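Engineer: Please read through the structure below; I'll follow up with questions.
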Amino acid sequence: MGNKEAASGEKLYQMRKAKLDEQAAAGRIRYPNDFSPTHAAATLAQAEPDSTPVRVAGRIMLIRQMGKSAFATLADASGHIQLHAAVAEDGCRDCLDRLGELDLGDIVGATGSLFRTRRGELTIALTELRLLAKCLRPPPEKHKGLVDPELRSRKRHLALMSDPAERQRFRKRSAIIASLRAFFDERGYLEVETPMMHPIAGGAAARPFCTRHNSLDMQLYLRIAPELYLKRLLVGGYERVYEINRSFRNEGVSTRHNPEFTMLEFYAAYRRHTDMMDLTEELFAQLAERFADDGRVEWLGHSINLASGWRRIGLIDAIAEYNGLSPEQARDEQVLTERLAGFAGDKAAAAAAGRPSLGQLQMLLFDKTVAGKLIDPTFVTDFPASVSPLARRADDDPEIAERFELYIGGCEMANGFSELNDPAIQAQVFRAQAAAAAAGDEEAMHYDADYIEALEAAMPPAAGEGIGIDRLVMLMLGCSSIREVMLFPLVRPAAEKAG
RNA sequence: GGGUCGUUAGCUCAGCUGGUAGAGCAGCGGACUUUUAAUCCGUUGGUCACAGGUUCGAUCCCUGUACGACCCA
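If you count by this note's numbering, then the first sequence holds residues 55 to 553, one letter each, in order.
Below, the structure is given as C-alpha cells:
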C-alpha cells in the first residue's frame with residue numbers, strides 16, 4: 055500500500071481492501087467465524103470491573119490513537135463499550151498494532167479485562183483483538199451520520215449503523231406490531247396467512263400488480279387486500295381471525311403511500327361494525343398507553359388526543375358541517391356537483407363532470423373538504439352503499455352501508471364494516487362492478503364466482519376492519535413520511551453516473 | 001400529474017453581481033501512555049448530477065433529462 059494515496063471514493067475502497075489482504079498475508083483468516091462473545095456491551099456497563107476476561111464483538115465506531123496508547127469505541131446491538139491498548143500492558147503490544155490497522159466501521163472481536171479510566175469510563179484492557187469482518191466502504195460522517203433522506207432510504211444499512219435513533223425507531227415498529235398481535239391473541243383471534251397471489255384481485259378498489267405462473271400458464275395478481283380469503287375462513291368455522299401482512303397496490307408513491315404496505319385485517323363473527331369501532335378505540339387506548347406520552351401524539355403538525363370517547367359522525371352530517379350545507383343539500387346531486395366544480399382543474403372536478411353516482415359525488419366532496427380536517431380521532435359512519443361493495447346494507451335503508459372509516463390527523467387510518475353475507479346481493483354488486491370495469495373503471499372489482507360460492511355455503515353475520523400499519527406506526531412515532539417507518543421503501547434505481 | 005426548491009470531495013456543508021472550487025469529518029504522513037467528536041503539525045482527494053445553449057470565459061445565467069425534498073392534485 056502506498057503511503058500517499060489519493061483519498062477519493064475508489065481509492066478509499068482500495069486502501070481498505072489492501073489492509074484486508076495484508077491481514078490474510080499475515081496468516082489470519084479473512085472472515086473468521088469462530089469468535090464467540092461472552093457479553094453484550096450494555097451488560098458489561100452494569101458489571102463491576104475485575105480481572106475476569108470478557109469477550110465482546112461489534113463495530114468500531116471511533117478510534118483515538120495516542121502514540122503508545124490507543125482507545126476505540128465498539129458498538130454492538132446493545133450499546134457501546136470502550137477498548138484500550140497500550141505498549142506497557144501485558145500482551146497488549148500486539149493489540150495496539152491491531153488497533154492501528156483498523157478502519158472505522160470494521161467489525162472486531164475484543165478480549166480483555168474490565169477497568170475504569172480516570173474519567174470513570176468502563177473500558178476493556180485488550181489482550182486480544184481480532185478483525186472479524188472488514189468494512190471496505192467508508193462509513194457515514196462520524197458525528198452527523200447520514201443526513202440525506204434519499205441516501206437514508208436507499209442505503210438503510212448505513213443509516214442504521216450510524217444512527218441509534220434510527221435503529222430504535224424500527225425496534226418500536228416491531229414492538230407496536232407485537233402489541234397488536236398480543237391484543238388480538240388475547241381476544242381469541244386466530245392469526246392466519248392467506249394468499250398474496252390472487253387469480254382475481256379483490257377486497258379493495260385499487261389497481262393491482264400482475265404476475266404470471268409459468269408452469270400453470272396462469273395470470274396472477276399480487277393481492278390488494280386479504281379480505282375475501284379471510285371471510286372464507288369465517289365460512290369455514292373460524293369465528294375470529296386476523297392477518298398482519300403485506301398488500302400491494304399499483305399506484306403512486308408519496309409520503310403516505312408505498313406500493314407494498316402492511317395491513318392488519320381482522321374479522322369477528324356475530325359482531326357488528328359498531329362493535330368494531332369500540333374495539334378500535336380499545337386497541338388505540340392500549341397502544342397510546344405504551345407508545346404515547348399522556349395519550350397524546352405530535353403528528354403532522356398537530357397535537358392529537360388519542361383518549362377514548364372518539365367522535366362518531368355520519369358522512370352526510372360531516373359533509374354538511376364542513377361545507378355549510380344542510381343534510382338535504384348534502385344529498386342533492388346538483389349542489390354537490392356545483393361544490394366540486396369549485397376545484398377547477400382538479401381530478402375531483404373532472405370526476406364530477408363525468409357521470410358519478412350520488413355516493414361517488416359525496417365521497418369526492420368528503421375527501422376534498424372534510425377528511426383532512428379530522429384531526430382528533432373521528433369515526434365517519436353511514437357510507438353510501440354504492441361505494442361500499444363488500445359491506446352489509448342497513449336494514450332500514452339499502453342505500454346506506456354499515457360501514458365506517460377512522461380518521462386521525464387528517465389521514466385515513468382504518469376502514470371497517472358489517473360484512474355483506476347475502477350471496478344474492480353480493481353477486482348483484484359484483485355484476486355492477488364488473489360492468490363499471492368493462493366501461494373503463496380501473497379500480498372497479500371483478501366478478502368473483504368462487505367467493506360467491508363460498509358465501510352460498512353461509513357466512514355467519516360478522517364484522518371486519520383493516521388498519522394501515524405503516525400509518526399507525528407513523529402516528530405513534532410522530533413520523534411524517536411512510537419511508538421513515540419502512541425499512542426498505544421502494545426507490546427508483548439510482549441515476550447512472552456516466553452521461 | 002402540476003408547482004417550488006435541491007443535486008459541489010467517501011460523509012456533512014460553504015462558495016457574493018459569471019473569471020474552471022473551500023472547510024469540518026474520514027483518509028494519508030508525523031507528534032503524543034487514561035482519551036471521550038481526543039489534541040497538535042503537515043497533506044491527498046473534485047468531469048461542481050447529466051446533456052445541450054448563451055458567453056472570450058459557466059458550479060453560477062438559460063433549456064432539457066435523471067434523481068430527490070416539500071406543497072398541491
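Each residue gets a CB set at the ideal place from its N, CA and C atoms; glycine is no exception.
Here the structure is a predicted model, which means the values were calculated and not measured.
Spatial neighbours of E182 within its chain, please: C-beta separation below 6 angstroms, excluding the five flanking residues on both sides.
Structural biologist: For E182, where only same-chain residues beyond five positions count, the Cβ hits under 6 angstroms are T165.
Engineer: Less than 7 angstroms between C-beta atoms, sequence neighbours within five positions excluded: which residues of the same chain meet that for M215?
Structural biologist: Correct list, in chain order: R113, P193.
Engineer: Quick one: Cα of R366 to Cα of V434, how far?
Structural biologist: Computed Cα separation, rounded: 6 angstroms.
Engineer: Could you check where the beta strand (DSSP E) with I367 kicks off and where it finishes?
Structural biologist: I367 -> beta strand (DSSP E) spans 365-368.
Engineer: Is L168 near D104, with beta carbons less than 8 angstroms apart?
Structural biologist: Result yes, Cβ atoms of L168 and D104 sit closer than 8 angstroms.
Engineer: For the ligand ZN, any of its heavy atoms closer than 7 angstroms to the Cβ of T92?
Structural biologist: This structure does not include the ligand ZN; it has no bound ligands of any sort.
Engineer: Return the chain-ordered list of same chain residues with a C-beta closer than 7 angstroms to the C-beta of E220, the five sequence neighbours on each side being excluded.
Structural biologist: Same-chain partners within the cutoff: A213, L214.
Engineer: In this structure, how does DSSP classify F471 when only helix, strand and coil are distinguished?
Structural biologist: F471 falls in the strand class under three-state DSSP.
Engineer: Mapping DSSP to helix, strand and coil, what is S269?
Structural biologist: Correct three-state label for S269: coil.
Engineer: Going by alpha carbons, who is nearest to E76 out of K188, L337, H93, L205?
Structural biologist: Nearest of K188, L337, H93, L205 to E76, Cα basis: K188.
Engineer: Assign C146 to one of two classes, buried (16 or more other C-beta atoms within 10 Å of its C-beta) or exposed (fewer than that).
Structural biologist: By the 10 Å Cβ count, C146 comes out buried.
Engineer: Given a threshold of 16 other Cβ atoms within 10 Å of its Cβ, counted over all protein chains shown, does V201 qualify as buried or as exposed?
Structural biologist: Burial call: exposed.
Engineer: Quick one: residues in its chain with C-beta nearer than 6 angstroms to the C-beta of H93, no 5 flanking neighbours on either side, listed in chain order?
Structural biologist: Counting only Cβ-Cβ distances below 6 angstroms, and skipping sequence neighbours, we find V108, V110.
Engineer: Pop quiz: A512 and V307 are said to be a contact at Cβ under 8 angstroms. What is the actual Cβ separation, rounded to whole angstroms?
Structural biologist: Wrong, their Cβ atoms sit about 41 angstroms apart, outside the cutoff.
Engineer: To which residues of the same chain is P280 closer than 6 angstroms at the C-beta, ignoring the five residues directly before and after it?
Structural biologist: Within the same chain, P280 has close Cβ partners T248, E297, E319.
Engineer: Going straight from the alpha carbon of G56 to that of R191, what length do you get?
Structural biologist: In this prediction, G56 has a pLDDT of 36, which is less than 50 and means its spatial position is unreliable; what the coordinates show is noted afterwards. Going from the Cα of G56 to the Cα of R191 covers about 18 angstroms.
Engineer: Please determine, among R409, V527, H252, D157, the residue with the shortest C-alpha to C-alpha distance to R277.
Structural biologist: Selected option, being the one with the closest Cα: H252.
Engineer: Give a yes or no on whether the C-beta atoms belonging to Q409 and H327 are separated by under 8 angstroms.
Structural biologist: This sequence places Arg at residue 409; Gln is not what is there. For R409 and H327, no; Cβs fall outside 8 angstroms.
Engineer: My understanding is that L185 touches D160, with C-beta atoms under 8 angstroms, so please give their C-beta distance in whole angstroms.
Structural biologist: With a Cβ gap of about 6 angstroms, L185 and D160 count as contacting.
Engineer: What separation, rounded to the nearest whole angstrom, lies between the Cα atoms of M272 and T97?
Structural biologist: Approximately 55 angstroms, taken between the alpha carbons.
Engineer: Could you check how far apart the C-beta atoms of P477 and E453 are, in whole angstroms? I think they sit under 8 angstroms.
Structural biologist: Not a contact, Cβ separation roughly 20 angstroms.
Engineer: Within the same chain, show all residues whose beta-carbon is closer than 8 angstroms to that of T177, passing over the 5 residues directly before and after it, in chain order.
Structural biologist: Correct list, in chain order: F125, I135, Q136, L137, H138, L168, F169, R170, T171.
Engineer: Count the other CB atoms, across all protein chains shown, that sit within 10 Å of the CB of L337; report buried if there are 16 or more and exposed otherwise.
Structural biologist: Per the 10 Å Cβ criterion, buried.
Engineer: Based on the DSSP secondary-structure assignment, which residues constitute the bridge partners of T165?
Structural biologist: R109, E182, per the DSSP bridge assignment.
Engineer: Output the boundary residues of the beta strand (DSSP E) element that contains V351.
Structural biologist: Segment 350-353, the beta strand (DSSP E) holding V351.
Engineer: Please report the straight-line C-alpha distance between S132 and A95, rounded to a whole angstrom.
Structural biologist: Taking the straight line joining both Cα atoms gives about 6 angstroms.
Engineer: Quick check: L244 and Y292, are their CB atoms within less than 8 angstroms of each other?
Structural biologist: It is a contact, given that the beta carbons lie within the stated cut-off.
Engineer: Suppose the cutoff is 7 angstroms on Cβ atoms and the five residues either side in sequence are ignored; what does the same chain contact list for V351 look like?
Structural biologist: Result list for V351: I358, L360, L529, M530, G532, in chain order.
Engineer: Here's the rule: buried if 16 or more other CB atoms are within 10 angstroms of the residue's CB, otherwise exposed. What is E550?
Structural biologist: Confidence at E550 is low in this model, with a pLDDT of 46, below 50, so its placement is unreliable and the value that follows should be read with caution. Exposed, since its Cβ has fewer than 16 Cβ neighbours within 10 Å.
Engineer: With S123 as the anchor, note down where its alpha helix (DSSP H) starts and where it stops.
Structural biologist: From DSSP, S123 is part of no alpha helix (DSSP H) but of the beta strand (DSSP E) over 123-130.
Engineer: Rounding to the nearest angstrom, what Cα-Cα distance links A129 and L158 in this structure?
Structural biologist: Distance between the alpha carbons of A129 and L158: 11 angstroms.
Engineer: On the DSSP bridge list, what partners appear for H311?
Structural biologist: Partner(s): S308.
Engineer: For the putative contact between L369 and D449, defined by C-beta atoms under 8 angstroms, what is the C-beta separation to the nearest angstrom?
Structural biologist: The Cβ separation is near 18 angstroms, so there is no contact.
Engineer: Comparing C-alpha positions only, which one of G174, Q340, L415, F89 sits nearest to I230?
Structural biologist: Nearest of G174, Q340, L415, F89 to I230, Cα basis: Q340.
Engineer: My output table needs one value for M55: the three-state DSSP class, helix, strand or coil.
Structural biologist: Only weak support is given to the placement of M55: the predicted model assigns it a pLDDT of 35, under 50, and the question is left unresolved by the model.
Engineer: Have a look at A489 and Q482 and give me their C-alpha separation to the nearest angstrom.
Structural biologist: Straight-line Cα distance between these residues: approximately 11 angstroms.
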